[in-house]
Amino acid sequence: MSNYRKEAELDELLQSKEGVKGLIGELPEDTVSLAWRSALNEKLMTEAKPARQRGWLWKPVAGLALAGALALVTFIPRTPPATTANFESKLVNAHLSLSNAREVAGTGLTAYESMQETKAVDSFHSWTEADLNL
Amino acid sequence: MVSAGAAALKRVQPDSATEQALVDRCRQRDVEAFGKVVDAYQHRVFGFVKRMVVNPEDAADVAQEVFVRAFQAFDRFDGRSSLRTWLFRIAHNLCIDRARKSDRSLQESSLDLTHEDEGTMDIPDQRWDPELLVMNEELAQIVEKSIASMSEKLRSVLLLHDREDLAYEEIASALGVPVGTVKSRLFLARAHLQQALTPYLNGGIH
Numbered sequence: 002m003s004n005y006r007k008e009a010e011l012d013e014l015l016q017s018k019e020g021v022k023g024l025i026g027e028l029p030e031d032t033v034s035l036a037w038r039s040a041l042n043e044k045l046m047t048e049a050k051p052a053r054q055r056g057w058l059w060k061p062v063a064g065l066a067l068a069g070a071l072a073l074v075t076f077i078p079r080t081p082p083a084t085t086a087n088f089e090s091k092l093v094n095a096h097l098s099l100s101n102a103r104e105v106a107g108t109g110l111t112a113y114e115s116m117q118e119t120k121a122v123d124s125f126h127s128w129t130e131a132d133l134n135l
Numbered sequence: 036m037v038s039a040g041a042a043a044l045k046r047v048q049p050d051s052a053t054e055q056a057l058v059d060r061c062r063q064r065d066v067e068a069f070g071k072v073v074d075a076y077q078h079r080v081f082g083f084v085k086r087m088v089v090n091p092e093d094a095a096d097v098a099q100e101v102f103v104r105a106f107q108a109f110d111r112f113d114g115r116s117s118l119r120t121w122l123f124r125i126a127h128n129l130c131i132d133r134a135r136k137s138d139r140s141l142q143e144s145s146l147d148l149t150h151e152d153e154g155t156m157d158i159p160d161q162r163w164d165p166e167l168l169v170m171n172e173e174l175a176q177i178v179e180k181s182i183a184s185m186s187e188k189l190r191s192v193l194l195l196h197d198r199e200d201l202a203y204e205e206i207a208s209a210l211g212v213p214v215g216t217v218k219s220r221l222f223l224a225r226a227h228l229q230q231a232l233t234p235y236l237n238g239g240i241h
């Protein structure tokens with residue numbers, strides 16, 4: 002038997018007992034008491050309260066947190082991100098200044114000084130008394 | 036007989052536009068708007084719960100719980116079903132939970148009508164004419180007793196359809212069962228009630 006036919010038969014059977022619906026519908030209406038409603042209202046107010054309280058508690062906290070975050074972002078100095086070109090030029094400059102410093106005040110002799118020193122030594126060895134009569 | 040005031044109470048239900056406005060406000064946890072929802076449905080929900088939960092104190096408690104749960108979960112009400120269907124779904128679930136918690140299986144029918152695959156049942160009583168039956172206190176008691184003796188499955192469908200005028204589809208949505216199951220349960224529930232009334236019709240109950 003197809004589902005459609007089954008359902009049609011069921012509808013027909015239900016129709017035959019439609020009178021019962023009238024009996025159920027005519028049963029006396031149930032009404033709730035004022036005490037019942039009052040108790041329900043109290044429960045609903047209790048349910049509604051925590052949400053309100055949480056709102057009052059969390060809203061200022063959230064506001065303060067937001068203000069703090071904004072202050073941090075605004076007032077803390079930010080260093081610009083180093084670019085590759087900046088970094089390279091700084092590296093070269095640092096190397097040059099170090100080299101210059103070594104040239105001026107480094108330990109030992111520079112190549113030029115070394116050459117001059119050699120000449121001085123030679124002149125020392127070739128010194129004669131005639132040199133004293135200047 | 037139903038009093039005019041009681042009948043009027045049952046009919047009070049907001050129109051769809053008003054209800055939608057109330058729903059929008061309730062989603063924002065507006066207690067005042069939810070109070071109006073309670074005004075509209077409290078008697079019907081209480082009536083349903085009272086017949087589903089035998090203990091009157093439990094019934095009052097569960098009926099309140101229905102509205103508290105609805106208030107808590109209103110932001111999850113998606114509007115796919117009507118507000119009425121949603122409230123009855125919550126009510127039905129809470130009644131089942133309460134029955135399980137109290138470890139009291141809802142009284143099954145003395146008639147063996149709990150199996151839905153049971154064959155068709157008809158009462159060949161020519162005197163059965165609901166139009167001629169006048170609802171008096173005695174008949175009301177028999178009907179109430181018969182409803183209470185049904186299984187929870189039959190009872191919920193009977194009440195939601197014949198008492199609360201929910202459509203088959205709405206009941207199927209509220210109970211989470213197919214429409215065909217709703218129809219077969221309704222047929223069995225009506226047959227059960229009809230059979231319970233037979234002695235009354237035969238003059239056996241006085």
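First to last, the protein sequences are chains D and P.
Read in order, the letters of the first sequence correspond to residues 2 to 135 in this note's numbering.
Read in order, the letters of the second sequence correspond to residues 36 to 241 in this note's numbering.
Even for Gly, the Cβ is constructed at its ideal location relative to N, Cα and C.
In this text, all values refer to a predicted model and were calculated from it rather than measured experimentally.
Since residue i and residue j should fall inside the 8 Å C-beta cutoff, what is the C-beta to C-beta distance between them, to a whole number of angstroms?
{"i": "Arg220(P)", "j": "Leu201(P)", "result": "Wrong, their Cβ atoms sit about 13 Å apart, outside the cutoff."}
{"i": "Val72(P)", "j": "Leu118(P)", "result": "7 Å"}
{"i": "Arg135(P)", "j": "Val21(D)", "result": "Rounded, the Cβ-Cβ distance is 29 Å, inconsistent with contact."}
Quick one: residues in its chain with C-beta nearer than 7 Å to the C-beta of residue i, no 5 flanking neighbours on either side, listed in chain order?
{"i": "Ala68(P)", "result": "Leu57, Arg60 and Cys61"}
{"i": "Asp110(P)", "result": "Arg62"}
{"i": "Val89(P)", "result": "Ala183"}
Would you say residue i faces chain D, with C-beta separation under 8 Å as the test?
{"i": "His78(P)", "result": "yes"}
{"i": "Gln107(P)", "result": "yes"}
{"i": "Ser219(P)", "result": "yes"}
{"i": "Gly154(P)", "result": "The predicted position of Gly154(P) is uncertain, since its pLDDT is 43 and thus under 50; no value can be drawn from it."}
{"i": "Leu236(P)", "result": "no"}
{"i": "Thr149(P)", "result": "Confidence in Thr149(P) is poor, its pLDDT being 44 and thus under 50, which makes the residue's placement unreliable; the coordinate value appears in the next sentence. So, not an interface residue."}
{"i": "Ala42(P)", "result": "Any answer about Ala42(P) is weak, because its pLDDT of 45 lies below 50 and its placement is not dependable; what the coordinates show is given next. Yes, Ala42(P) lies at the interface with chain D (some Cβ there is under 8 Å from its Cβ)."}
{"i": "Leu228(P)", "result": "yes"}
{"i": "Val178(P)", "result": "yes"}
{"i": "Ala175(P)", "result": "yes"}
{"i": "Leu146(P)", "result": "With a pLDDT of only 43 at Leu146(P), under 50, the local geometry of the prediction cannot be trusted, and the value read off the model is given with reservation. No, its Cβ sits nowhere closer than 8 Å to a Cβ of chain D."}
At least one CB of chain P closer than 8 Å to the CB of residue i: is that the case?
{"i": "Lys91(D)", "result": "no"}
{"i": "Arg38(D)", "result": "yes"}
{"i": "Leu24(D)", "result": "yes"}
{"i": "Lys60(D)", "result": "no"}
{"i": "Ala149(D)", "result": "Past the edges of chain D, shown from 2 to 135, lies residue 149(D), and the structure says nothing about it."}
{"i": "Leu45(D)", "result": "yes"}
{"i": "Glu30(D)", "result": "yes"}
{"i": "Leu35(D)", "result": "no"}
{"i": "Glu13(D)", "result": "no"}
With a CB to CB cut of under 6 Å and the five nearest residues on each side skipped, what residues in its chain are close to residue i?
{"i": "Glu205(P)", "result": "Thr120"}
{"i": "Ser191(P)", "result": "His127"}
{"i": "Glu151(P)", "result": "Summary for Glu151(P): the model assigns pLDDT 45, below 50, so the residue's position carries little reliability; its value from the coordinates is reported in the next sentence. If we look at Glu151(P) and ignore the five residues flanking it on each side, its Cβ neighbours are Ser219."}
{"i": "Leu243(P)", "result": "Beyond the ends of chain P as shown, which are 36 and 241, falls residue 243(P); an answer cannot be given."}
Can you name, in chain order, every residue of its own chain whose Cβ lies under 8 Å from the Cβ of residue i, other than the five neighbours on each side?
{"i": "Phe81(P)", "result": "Ala94, Ala95 and Ala98"}
{"i": "Pro61(D)", "result": "none"}
message: Output needed in chain order: residues of the region 194-224 of chain P with a Cβ under 7 Å from some Cβ in chain D.
response: Asp197, Arg198, Gly215, Lys218, Ser219, Leu221 and Phe222
- prompt: According to a CB-to-CB cut-off of less than 8 Å, which residues of the region 51-77 of chain P neighbour chain D?
  reply: Arg64, Val66, Phe69, Gly70, Val73 and Gln77
field: Selection of the region 78-103 of chain P by Cβ proximity to chain D, strictly under 8 Å
entry: His78, Phe81, Gly82, Lys85, Ala95, Ala98, Gln99, Phe102 and Val103
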